[in-house]
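For reference, the structure is listed below as structure tokens.
Residue numbers (my numbering), protein chains in the order written: chain A, 802 to 917; chain B, 3 to 113.
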């Protein structure tokens with residue numbers, strides 16, 4: 802149980818275009834979703850926290866107008882990378898609190914974004 | 003910043019036990035020790051967590067020192083599929099605080 806489905810798994814886009822990444826909680830309600838990004842050979846860095854029905858909070862240095870987060874329902878949170886540039890190429894991962902059995906977090910499978 | 007310190011990398015022979023250490027000397031009384039792993043190009047996977055007692059599940063064992071300043075994750079019989087980056091994280095048991103990842107330990111299981 803407690804699966805977070807993340808799509809797409811990978812995407813290649815041209816500079817200047819926007820890309821939307823979706824994370825769905827399949828068998829539980831995710832009132833909170835954390836968004837991370839991971840550059841090659843580096844650890845996961847928290848970008849933002851989204852809460853259902855309210856505005857997301859962003860970590861220092863993360864541009865909220867560039868990384869649009871929407872959490873309109875208890876089962877869906879989306880991250881849109883707007884006007885993507887090559888430096889936005891990264892591995893994006895979502896995560897939601899899992900209260901079923903371990904009070905840990907369930908992670909999506911990640912999205913590999915390549916901007917050309 | 004992460005509150006844990008782990009070795010950068012370790013090797014382990016297939017079939018042998020892998021013992022991954024973690025230092026968390028500033029852990030608070032209400033914080034648990036969590037272990038996750040990340041296989042290449044996948045999302046992190048929960049392994050185990052504990053407060054002060056040793057814990058065991060189908061994946062691993064967690065040994066926490068009495069002063070709780072360090073812990074060891076034990077994979078009893080490592081396989082090639084256990085090759086991954088292992089993260090030791092401390093966080094409160096309840097609440098929605100995000101996981102803060104350190105650099106982790108890159109475990110390579112060698113045939």
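Cβ atoms here follow ideal geometry from the backbone N, Cα and C, with glycine treated the same way. Quick caveat, the model's predicted, so the values are computed rather than measured.
Beta-ladder partner(s) of residue i, from DSSP
{"i": "residue 843 of chain A", "result": "In DSSP, residue 843 of chain A forms no bridge with anything."}
{"i": "residue 880 of chain A", "result": "A/822 and A/870"}
{"i": "residue 108 of chain B", "result": "B/11 and B/87"}
{"i": "residue 852 of chain A", "result": "A/833"}
{"i": "residue 896 of chain A", "result": "A/835 and A/908"}
{"i": "residue 886 of chain A", "result": "Residue 886 of chain A is not bridged to any residue."}
{"i": "residue 805 of chain A", "result": "A/826"}
Per-residue burial, residue i [other beta carbons within 10 Å of its own, 16 or more giving buried]
{"i": "residue 39 of chain B", "result": "buried"}
{"i": "residue 840 of chain A", "result": "exposed"}
{"i": "residue 862 of chain A", "result": "exposed"}
{"i": "residue 92 of chain B", "result": "buried"}
{"i": "residue 899 of chain A", "result": "buried"}
{"i": "residue 906 of chain A", "result": "buried"}
{"i": "residue 838 of chain A", "result": "buried"}
{"i": "residue 94 of chain B", "result": "exposed"}
Cutoff 6 Å; reference residue i; Cβ partners in own chain excluding five residues on either side
{"i": "residue 9 of chain B", "result": "107"}
{"i": "residue 877 of chain A", "result": "825"}
{"i": "residue 111 of chain B", "result": "14, 16, 80, 82, 84 and 85"}
{"i": "residue 4 of chain B", "result": "102 and 104"}
{"i": "residue 24 of chain B", "result": "6, 8, 73 and 90"}
Spatial distance of residue i from residue j (CA atoms)
{"i": "residue 824 of chain A", "j": "residue 806 of chain A", "result": "6 Å"}
{"i": "residue 41 of chain B", "j": "residue 855 of chain A", "result": "33 Å"}
{"i": "residue 36 of chain B", "j": "residue 104 of chain B", "result": "12 Å"}
{"i": "residue 803 of chain A", "j": "residue 830 of chain A", "result": "9 Å"}
{"i": "residue 866 of chain A", "j": "residue 113 of chain B", "result": "48 Å"}
{"i": "residue 835 of chain A", "j": "residue 897 of chain A", "result": "6 Å"}
{"i": "residue 870 of chain A", "j": "residue 851 of chain A", "result": "7 Å"}
{"i": "residue 67 of chain B", "j": "residue 22 of chain B", "result": "14 Å"}
{"i": "residue 909 of chain A", "j": "residue 69 of chain B", "result": "34 Å"}
{"i": "residue 71 of chain B", "j": "residue 20 of chain B", "result": "20 Å"}
{"i": "residue 864 of chain A", "j": "residue 881 of chain A", "result": "12 Å"}
{"i": "residue 6 of chain B", "j": "residue 90 of chain B", "result": "7 Å"}
{"i": "residue 819 of chain A", "j": "residue 858 of chain A", "result": "21 Å"}
{"i": "residue 15 of chain B", "j": "residue 85 of chain B", "result": "11 Å"}
{"i": "residue 889 of chain A", "j": "residue 815 of chain A", "result": "11 Å"}
{"i": "residue 100 of chain B", "j": "residue 18 of chain B", "result": "33 Å"}
Cβ of residue i within 8 Å of any chain D Cβ
{"i": "residue 26 of chain B", "result": "Protein chains A and B are contained in the structure displayed, whereas chain D is not."}
Cβ neighbours of residue i in the same chain (closer than 7 Å, five flanking residues each side left out)
{"i": "residue 88 of chain B", "result": "22, 37, 39, 75, 106, 107 and 109"}
{"i": "residue 52 of chain B", "result": "34, 35, 64 and 66"}
Residues near residue i by beta carbon distance below 8 Å, same chain, minus five either side
{"i": "residue 61 of chain B", "result": "49, 50 and 77"}
>> Suppose only complete runs of 3+ residues qualify. What are the beta strand (DSSP E) ranges in the stretch 22 to 98 of chain B, listed by chain order?
In response: Those beta strand (DSSP E) runs which fall completely within the stretch 22 to 98 of chain B and span 3+ residues are 33 to 40, 47 to 52, 63 to 66, 72 to 77 and 86 to 94.
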